[in-house]
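Right, one structure below, let's go through it.
Residue numbers (my numbering): 323 to 505.
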């Protein structure tokens, strides 16, 4: 992600967050920023947003006086309702200035209940938590109080698709995504 962002704005700053030490080992090797930008990685758990926000690396890398984008892509479905994902998002966005963005995606059971149900069960069998949510629940969870960027919350394959070529069927995707802007 940082390569794309820094190819557009070379002074872009990016911090990756993950709780997996194996990901950290790969990050140390792979994450190099542009000469003008900065790229960093911290080992923290999304379930503890206060720890993320208090990180010296985060504070030294990001400028919280300027809009920031938080990207929760392919992660929210690992948080159950009991883990309060809405509270986590609220804590993260609460620390950001107006004009900041939230990019989020989520797996949904609506289009392929059997396949997505099997996916969630596989997560649980592997020791992970997981919860697929209908699109309305995801939209409320992630984007409550934010101004949506067009086209809003849609299947990720339909979010500003390029070209007129064939697209996957909705049941083949089963992921919704969107971008919201903090007023």
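Every residue gets a Cβ at the ideal spot worked out from N, C-alpha and C, and that includes glycine.
Less than 8 Å separates the beta-carbon of residue 426 from that of residue 499. Our two residues, residue 420 and residue 505, have alpha carbons roughly 5 Å apart in a direct line. Secondary structure at residue 397: coil, using DSSP grouped into helix, strand and coil.
Taken atom to atom, the span from the alpha-carbon of residue 435 to that of residue 429 is near 11 Å. For the pair residue 442 and residue 455, the Cα-to-Cα distance works out to about 11 Å. Counting along the chain, residue 427 sits inside the beta strand (DSSP E) bounded by residues 423-429.
When DSSP assignments are scanned along the segment 328-377, the uninterrupted stretches of alpha helix (DSSP H) that are 4 or more residues long and fall wholly within it turn out to be 343-352, 371-376.
Classified as exposed, residue 483 has fewer than 16 neighbouring CB atoms from the shown chains inside 10 Å of its CB.
With contacts defined as CB atoms closer than 8 Å, residue 391 and residue 423 qualify as a contacting pair. For the set 369, 373, 384, 383, the Cα lying nearest the Cα of residue 403 is the one of 369. Annotation for residue 440: the continuous alpha helix (DSSP H) segment containing it runs 435-447. Under the DSSP definition of a beta bridge, residue 503 partners with 423, 469. Counting along the chain, residue 390 sits inside no alpha helix (DSSP H), nor does DSSP assign it H or E at all. The Cβ atoms of residue 479 and residue 438 lie no closer than 8 Å to each other.
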